[in-house]
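2 protein chains.
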Amino acid sequence: MLIDGKDTDQIAADDRGLLYGDGLFETIAVHDGVPQLWLQHMARLQRDCARLGIIPPAVELLYSEAHHLCAGQSRAVLKIIITRGSGGRGYRAPEPAAPRRVLSLHPWPAYPDHYPEQGIRVRLCAMRLGSNPRLAGIKHLNRLEQVLARAEWDDPGIGEGLLLDGEGRLVEGTMSNVFLVRDGRLQTPLLDACGVAGVMRECVLELARQGGIACEVTRLGLDDVAAADEMFVCNSVIGLWPVCQFEQQPLAAGPLTRRLQQAIGALTHA
Amino acid sequence: MLIDGKDTDQIAADDRGLLYGDGLFETIAVHDGVPQLWLQHMARLQRDCARLGIIPPAVELLYSEAHHLCAGQSRAVLKIIITRGSGGRGYRAPEPAAPRRVLSLHPWPAYPDHYPEQGIRVRLCAMRLGSNPRLAGIKHLNRLEQVLARAEWDDPGIGEGLLLDGEGRLVEGTMSNVFLVRDGRLQTPLLDACGVAGVMRECVLELARQGGIACEVTRLGLDDVAAADEMFVCNSVIGLWPVCQFEQQPLAAGPLTRRLQQAIGALTHA
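As given, the protein sequences belong to chains B and E, one line each in that order. With this note's numbering, you'll find the first sequence wraps up at 270, consecutive numbering, no jumps. With this note's numbering, you'll find the second sequence wraps up at 1270, consecutive numbering, no jumps.
Quick look at the structure:
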């Protein structure tokens, strides 16, 4: 773990990341020592920092530290946290703030091998996401909703839980974005009120554009899920997992899901 | 600063308080070495921990550490953070979790002396609070909304900003709860969808009950503010501040505000 470039696993206890969740993070797959989709993660990190008014560290610095940490790792997860740094009286941030960076390396998670092929079972979470357009899409550190949603089940046979907003609209999974396939068209929720705009979600949207696959980024509800032919979830670490069952609804990975899954595999294990 | 009883200002960088805002806090006024409204703060801390599924530290332990830190302090602020502790893979918490406690002492804030007597000017924040009944009322560590709201102004003549929810209902100030007085009755927002149920808010409600003052805890909007005779904000550190101006609306501290202000002064400087 590197905190502001220093090899330590301790952080100042007055860091605003701890005090207020005043920061954001990226979770990045590492293959053969190389952080995958680096440019996309850096673009999102910079965009999110701008939205929170945090001055991001130089990308060259992050690149150098990331590669130092990842060297020799065949398969791992790199997490980058950027906080607004220490201090300030109350919610008001110090002027100027001194943002802090935390880079940490983690073992590749032990998800069941059959998830990519056979798909996962997915539940509907009771927790509803609050809406705030100012925070929508940002991968910020205020993640209590996800923590409480993930605490709703401990059945190891369930691979993910879907979250609705307060109006019952589909938003995302606890740790993933969600796509539907209906009549050969892709659909994914518009994230203008809540949710995290994942890097892998962007990749899927870009692959669809390149592949001439019709895609709607729109408001979706449980009726759309019920009408879907296929469903999948995605994030930077898992890639793409088909959904084989949502609550009592059986689903199967169809041609569009498999096509995108292959394309993502090619993209992230290059 | 004491972290799990140890005199240090560094915390494990894998603490879930940093990673996800997975925890809560109390901000407590200290007078003559004594943390004020201790029982009320401990009751709220235990209630909030239960709602988040965090096992709180023993109150006797917190009491002992708090008194150790506060000894000899004529006037200070004690902050207690409880997090779910380190670890877990992703949002899922470790079983069992090992909650962590961070007690820190801070200088008494340098608010202008005339605030309690002459009142403060208050603005309306553009930021709207997201609604989530599961988190409503809890003083949790997910405070980006407050950080961004407080960043909306730097005019030192403005003492507080009021926050509405997504439906335009009045909720609270960025760091305080808000009360209106109308026709001799107290009104304060119902906090069932968002907001922090402050300890001082509870004290005001209790003082009103004891004093036979009619009080409505209800849904309020800007029309209620416009119709108000008096307005005040409160928290554990500032006590009660009258509002002398909200945006362009002049207000004056009337008899009910002064009566409650005196009662709170007697309660907290005992």
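We put the CB at the ideal spot given by N, CA and C, even for glycine. In this text the structure is predicted, and so the values were computed from the model without any measurement.
- Two segments are said to touch when three or more pairs of C-beta atoms, one from each, lie closer than 8 angstroms; by this definition the stretch 8 to 21 of chain B touches the stretch 140 to 155 of chain B.
- Among the residues facing chain B, E:Asn1132 is included, as its CB has a counterpart in that chain under 7 angstroms away.
- Using a CB distance below 8 angstroms, the part of the stretch 163 to 180 of chain B facing chain E consists of Gly166, Thr174, Met175, ordered along the chain.
- In this structure, E:Leu1002 and E:Glu1065 form a Cβ contact; the two beta carbons are roughly 5 angstroms apart against a cut-off of 8 angstroms.
- Every beta strand (DSSP E) of 3 residues or more that sits fully in the stretch 1123 to 1181 of chain E is shown, in chain order, as 1158 to 1165, 1170 to 1173.
- Between E:Glu1160 and E:Val1199 a beta carbon distance of about 17 angstroms is seen, past the 8 angstroms cut, so the two are scored as non-contacting.
- Of the other Cβ atoms in all chains shown, 16 or more fall within 10 Å of the Cβ of E:Glu1172; this residue is therefore buried.
- The distance from the Cβ of E:Thr1218 to that of E:Gln1187 is about 7 angstroms, consistent with a contact at the 8 angstroms cut-off.
- Listed along chain B, the residues sitting closer than 9 angstroms to E:Gln1010 by beta-carbon distance are Thr8, Gln10, Ile11, Ala12, Ala13.
- Among the CB atoms of chain B, one or more fall inside 7 angstroms of the CB of E:Leu1144.
- Note that the C-beta distance between E:Val1196 and E:Cys1234 is not below 7 angstroms.
- The three-state reading of DSSP puts B:Glu216 in strand, counting E and B together.
- Approximately 7 angstroms separates the beta-carbon atoms of E:Met1127 and E:Leu1163; this is inside 8 angstroms, confirming the contact.
- According to the DSSP secondary-structure assignment, B:Pro35 is paired through a beta bridge with B:Val30.
- Just so you know, the alpha carbons of B:Cys194 and E:Cys1125 end up roughly 20 angstroms apart.
- Rounded to whole angstroms, the gap between the alpha carbons of E:Arg1258 and E:Val1243 is 12 angstroms.
- Apart from sequence neighbours up to five positions away, the residues of its chain that approach B:Ala226 with a beta-carbon distance below 7 angstroms are Gln249, ordered along the chain.
- Using a Cβ distance threshold of 7 angstroms, B:Ala76 and B:Leu45 do not count as a contacting pair.
- For B:Ser104, the secondary structure class from DSSP, reduced to helix, strand or coil, is strand.
- If you draw a 10 Å sphere on the C-beta of B:Leu61, you find fewer than 16 other C-beta atoms in it, and that means exposed.
- Within chain B, the C-beta atoms nearer than 9 angstroms to that of E:Tyr1020 come from Gly21, Leu141, Asn142, Arg143, Leu144, Gln146, Val147, in chain order.
- Listed along the chain, the chain B residues whose CB falls inside 8 angstroms of the CB of E:Gly1195 amount to none; the nearest CB is some 12 angstroms away.
- Per the coordinates, the alpha-carbon of E:Ala1253 lies some 8 angstroms from the alpha-carbon of E:Gln1118.
- Close to chain E, meaning a Cβ-Cβ distance shorter than 9 angstroms, are the following residues of the stretch 190 to 217 of chain B: Ala193, Cys194.
- Assigned with DSSP and collapsed to three states, B:Gln73 falls in coil, not helix or strand.
- Chain-ordered, the chain E residues with CB closer than 9 angstroms to the CB of B:Met1 read Ala1013, Asp1014.
- Taking the C-beta atoms as reference points, E:Leu1220 is found nearer than 7 angstroms to E:Leu1170.
- Under the Cβ criterion of 7 angstroms, E:Tyr1115 is not counted among the residues facing chain B.
- When 7 angstroms is used as the limit between beta carbons, B:Tyr91 is near these residues of chain E: Arg1143, Gln1146, Val1147, Arg1150, Thr1174, Met1175, in chain order.
- Shown here for B:Val59: same chain residues with a beta carbon closer than 7 angstroms to its own, the five before and five after excluded, namely Met42 in chain order.
- B:Glu247 and B:Asp192 have their C-alpha atoms spaced approximately 26 angstroms apart.
- Shown here, B:Ala12 sits in a strand according to DSSP, grouped into three states.
- Taking a Cβ-Cβ threshold of 7 angstroms, the residues of chain B close to E:Met1127 are Arg134, in chain order.
- Secondary structure note for B:Leu256: its alpha helix (DSSP H) is the uninterrupted segment 255 to 268.
- The contact set of E:Gly1017 on chain B, defined by CB atoms closer than 8 angstroms, consists of Leu18 in chain order.
- Taking C-alpha positions only, B:Cys49 is separated from B:Asp7 by approximately 24 angstroms.
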